[in-house]
Each structure stands twice: as structure tokens, then as C-alpha cells.
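Residue numbers (this note's numbering): 1 to 208. Don't be surprised by glycine CBs; every beta carbon is placed ideally from N, CA and C. Notes follow once the structure below has been shown.
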Amino acid sequence: MSNSHGFTLGMIAEYRGQKYRLIDVRPYRRLDGRDSQIMVWRSRCMTCGALFETTTPFRELTKATRRCSAHVQRTRQNVRAVVEAYVAGTLKLAAPPETSDTNRDAGRSAPPAYHATNRVRVRGQRLSPIIWQGRQWAVTKHGIECRDGTYAIAKSRLWEGWERHMAEKEWVDQADLAEALRIARQVHAKQAPGTMSQRTGKRGRAPT
Ligand SMILES: [Zn+2]
Numbered sequence: 001m002s003n004s005h006g007f008t009l010g011m012i013a014e015y016r017g018q019k020y021r022l023i024d025v026r027p028y029r030r031l032d033g034r035d036s037q038i039m040v041w042r043s044r045c046m047t048c049g050a051l052f053e054t055t056t057p058f059r060e061l062t063k064a065t066r067r068c069s070a071h072v073q074r075t076r077q078n079v080r081a082v083v084e085a086y087v088a089g090t091l092k093l094a095a096p097p098e099t100s101d102t103n104r105d106a107g108r109s110a111p112p113a114y115h116a117t118n119r120v121r122v123r124g125q126r127l128s129p130i131i132w133q134g135r136q137w138a139v140t141k142h143g144i145e146c147r148d149g150t151y152a153i154a155k156s157r158l159w160e161g162w163e164r165h166m167a168e169k170e171w172v173d174q175a176d177l178a179e180a181l182r183i184a185r186q187v188h189a190k191q192a193p194g195t196m197s198q199r200t201g202k203r204g205r206a207p208t
């Protein structure tokens with residue numbers, strides 16, 4: 001059985017030295033409401049060798065997990081701990097040490113910690129005009145967008161607990177996303193819940 005994109009059920013694909021067998025392609029409704037497809041792959045955990053299944057967006061094996069659920073869980077817990085520490089401001093980064101309560105607010109309005117210069121090939125939608133560029137994420141006029149064009153968060157939805165939601169996704173550069181969210185919430189502050197745009201009163205458009 002084959003489909004128009006040249007993927008055949010049962011085929012073996014390789015990514016980062018790990019082999020994945022394509023076992024299913026299913027219809028899928030994306031977070032933004034669009035109909036899409038996901039691929040189901042079977043592979044062996046790179047930590048323990050156990051068989052596991054992982055799903056990815058269509059034709060995006062780069063977003064497959066590399067480990068069984070038990071070992072993914074362990075990785076996620078580590079990632080989550082780092083993100084929570086980052087958001088709480090207790091993660092020690094290469095920034096000048098400061099004290100006092102006002103620094104938490106100062107951190108929120110601080111300028112970007114970095115600007116990334118790495119190249120990312122756009123495989124999905126073309127990005128809206130970029131305001132800040134991270135390694136994996138960009139703050140744009142639309143909100144936040146994955147630089148490869150495959151994931152976007154509209155500016156009106158920036159306050160919906162994405163740190164927690166995205167911590168589930170192994171492909172996400174969590175520290176980069178955290179910085180993007182911090183900057184985007186400054187840039188698009190007028191979109192915050194309960195804040196109507198002074199000029200037009202319009203809310204942000206839905207994710208595209
Ligand atoms: Zn494992």
C-alpha cells in the first residue's frame with residue numbers, strides 16, 4: 001500500500017542513526033483546527049532497546065521520539081525541571097547575579113538574552129515578519145512560530161500555559177521556547193487576557 005507522497009506502510013526510514021518502521025498513517029485534526037495526517041512509526045528505544053511506537057506530523061520523522069515511554073518520561077521530567085526553573089527565575093544562566101524582589105519584574109521586561117543566527121529550512125508555512133529570532137522559535141507579528149514553519153501560536157493565545165503543553169514534545173527546544181514566550185508576551189502585551197487593543201479593539205487572529 002502506497003500513497004501519493006511515496007511513503008509505503010512497512011517501509012523503514014532512518015533518522016539520526018535510528019530505524020523506524022512506518023506502520024500507519026491516520027487523519028488528524030491539528031491544534032489549530034485544520035485537518036492533517038499523522039504517521040505512526042515503530043522503533044526500538046535507544047536506551048533500552050524495547051519496541052515502542054511514536055507519532056509524527058506527516059513526513060516529519062525528525063519529530064519522532066527516540067525512546068520508549070518510560071525513557072521519554074525520564075527525559076521529559078528533566079526537561080520540565082529545567083523549564084520550570086527557567087520560568088521561576090531560579091535557573092542560573094550566564095547573567096549577572098542580582099537580588100531583591102523587583103528583579104523578577106525586571107527579568108520579564110529584560111531585553112532578549114540572545115539572537116540566534118543558525119539557519120533553519122522552512123518546510124511548512126512561510127513565517128510572518130520576524131521580530132526576534134531564537135534557535136528554533138521566532139517571535140513574529142503573528143505571535144510565536146517554529147522557524148521551520150510547522151508550528152505557530154497566535155499572539156492572542158500566548159498566555160494559555162504553553163510551557164506545560166509543549167513540555168510534552170521532545171522535539172521542542174524548551175529553553176528557546178521559554179525565551180520566545182517571554183519576549184512575545186512583552187511584544188504582544190496588548191493581546192493579554194482582559195487587555196483590548198487600545199487602537200482597534202480587535203483580538204488576535206486564530207493560528208494559521
Ligand atoms: Zn527504553
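- Task: Quick one: grab the DSSP three-state call for aspartate 148.
- Result: On the sequence shown, position 148 is the one that residue 148 refers to. Coil, per DSSP.
- CA-CA distance, isoleucine 130 and glycine 161? Within the sequence shown, residue 130 is the residue found at index 130, counting from 1. Within the sequence shown, residue 161 is the residue found at index 161, counting from 1. The alpha-carbon atoms of isoleucine 130 and glycine 161 are separated by roughly 22 angstroms.
- Proximity winner among Thr56, Phe7, Met39, relative to lysine 169 (alpha-carbon distances): Here residue 169 refers to the residue found at position 169 of the sequence shown. Considering only alpha carbons, the answer is Thr56.
- Message: Taking contact to mean 3 or more Cβ pairs, one atom from each stretch, closer than 8 angstroms, check whether the segment 137-149 and the segment 177-192 are in contact.
- Response: yes
- Message: Could you compute how far the alpha carbon of phenylalanine 52 sits from the alpha carbon of arginine 21?
- Response: Position 52 of the sequence shown holds residue 52. Position 21 of the sequence shown holds residue 21. Distance between the alpha carbons of phenylalanine 52 and arginine 21 is about 11 angstroms.
- Item | With 16 other Cβ atoms within 10 Å as the buried cut-off, status of isoleucine 144 | On the sequence shown, position 144 is the one that residue 144 refers to. Buried.
- Message: Are there any heavy atoms of ligand 1 lying less than 7 angstroms away from the beta-carbon of threonine 75, as far as the coordinates show?
- Response: As a working note, residue 75 is residue 75 in the sequence shown. No - ligand 1 has no heavy atom lying nearer than 7 angstroms to the Cβ of threonine 75.
- Message: Using a strict less-than 6 angstroms threshold between each residue's beta carbon and the heavy atoms of ligand 1, what residues do you get?
- Response: Cys45, Thr47, Cys48, Ala50, Arg67, Cys68, Ala70, His71
- threonine 54 to isoleucine 38, Cα distance in whole Å? In the sequence shown, residue 54 corresponds to position 54, counting from 1. In the sequence shown, residue 38 corresponds to position 38, counting from 1. Threonine 54 and isoleucine 38: Cα-Cα distance of roughly 10 angstroms.
- Among the residues of its own chain, which have a CB less than 7 angstroms from the CB of lysine 63, if the five just before and after it don't count? Taking the sequence shown and counting its residues from 1, the one referred to as residue 63 is at position 63. Counting only Cβ-Cβ distances below 7 angstroms, and skipping sequence neighbours, we find Thr56, Pro57, Trp171.
- Beta-carbon gap between glutamate 163 and alanine 178 smaller than 8 angstroms: Residue 163 sits at position 163 when you count from the first residue of the sequence shown. Residue 178 sits at position 178 when you count from the first residue of the sequence shown. A contact, by the Cβ cut-off of 8 angstroms.
- Query: Is it buried or exposed for isoleucine 23, if we count other Cβ within 10 angstroms and need 16 for buried?
  - Reply: Taking the first residue of the sequence shown as position 1, residue 23 is located at position 23. By the 10 Å Cβ count, isoleucine 23 comes out exposed.
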